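Peer 1: Residue numbers (my numbering): 404 to 514. For each residue, glycine too, the CB sits at the ideal point set by N, CA and C. Because the structure is a prediction, the values reported are computed rather than measured.
(1) Just checking my contact of residue 527 with residue 417 at CB under 8 angstroms: how many whole Å lie between their CB atoms?
(2) Taking C-alpha atoms, which residue in 441, 489, 510 and 498 lies nearest to residue 423?
(3) Express the C-alpha separation of residue 486 and residue 420 in angstroms, rounding to a whole number.
(4) Whole angstroms are fine: how far does the CA of residue 440 sit from the CA of residue 491?
(5) Using DSSP bridges, identify the partner residues of residue 485.
(6) Measuring CB atoms only, is the segment 498-511 touching the segment 454-470, in the sense that at least three cross pairs come out at less than 8 angstroms?
(7) For residue 479 versus residue 425, is the C-beta spacing smaller than 9 angstroms?
Below, the structure written as structure tokens:
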């Protein structure tokens with residue numbers, strides 16, 4: 404009995420699904436936001452928390468990039484005939500980063 408979804412050796416399976424450009428851009432934005440935020444945290448830690456307004460601006464730009472990436476991933480997940488890999492990764496990572504940024508913001512305001 405042939406399992407559904409599996410192809411025999413040598414069998415060619417064509418599909419018209421493609422990776423959506425918005426999903427790829429969302430994934431790239433999530434990676435850039437994460438790397439930039441990690442670098443800002445390291446720089447701030449090396450300066451004892453007094454890194455200046457430039458590092459704070461990097462954090463705000465990372466938040467904006469994550470929000471933009473999440474919206475792009477959400478939009479690309481609603482397109483038809485796509486491969487959902489990059490939009491799914493982009494939406495999960497950007498969503499988690501937004502939550503982390505908001506928690507840090509709340510902790511910073513409360514302190």
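Peer 2: Walking through what the data contain:
(1) Here the chain covers residues 404 to 514 and nothing more, so residue 527 does not appear.
(2) 489
(3) 6 angstroms
(4) 21 angstroms
(5) 421
(6) yes
(7) yes
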